[in-house]
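To convert, count from 1 in the sequence shown and add 27; that's the numbering used here. Heads up, the beta-carbon is just placed ideally off N, CA and C, and yes, glycines get one too. Accompanying notes for the structure given below.
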Amino acid sequence: TLGVLLVSVVGAHKPVADEVDGELFGNWRRLSLLGVALAVVLSTMAFMPESPKWLVERGRMVDAKRSLRRLRGGDTTAEEAELEAIAEACTFAFESEG
């Protein structure tokens, strides 16, 4: 997927192997490590909460509140005000588009 594409693009501009100290050392090892790093980053995205803005745009206010609470580390002091600001911004953006 994205990692394979990136490795293919980078690999196209890198030599297949270098001569290092009389030994053949392949750059494919470095490219494969890049693919592993991308896989780790993409796999951690499964644990990220959905964006409160995205949830508000779809009318899922309870889920947006839960997501906002998770993103703020459980701090609920300004939760309602921030949620209202998000909803107002979404309404404004929707009205200005159409």
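Item                                                                                                                                                           : Value
Exposed or buried, which one is Val89 when buried takes at least 16 other CB atoms within 10 Å?                                                                : exposed
Kindly indicate which residue of Val34, Ser78, Leu69 and Pro79 has the alpha-carbon position closest to the one of Arg57.                                      : Val34
Kindly indicate which residue of Gly30, Phe119, Ser123 and Gly100 has the alpha-carbon position closest to the one of Val67.                                   : Gly30
Contact defined as beta carbons within less than 8 Å: I believe Leu106 pairs with Arg96. What is the distance between those atoms, to the nearest angstrom?    : Note that residue 106 is Glu in the sequence shown, not Leu. The pair is a contact, with the Cβ atoms about 6 Å apart (cut-off 8 Å).
Leaving out the 5 sequence neighbours to the left and right, which residues in its chain are closer than 6 Å to Pro79 when beta-carbon positions are compared? : Ala91, Ser94, Leu95 and Ile113
Ala61 and Val36: beta carbons closer than 8 Å?                                                                                                                 : Looking at the sequence shown, residue 61 is not Ala but Leu. For Leu61 and Val36, no; Cβs fall outside 8 Å.
Going by CA-CA distance only, name the one from Asp102, Val63, Glu109 and Met72 that's closest to Val83.                                                       : Glu109
Determine the DSSP secondary structure at Pro79, reduced to helix, strand or coil.                                                                             : helix
To the nearest angstrom, how far is it from the Cα of Leu32 to the Cα of Leu65?                                                                                : 11 Å
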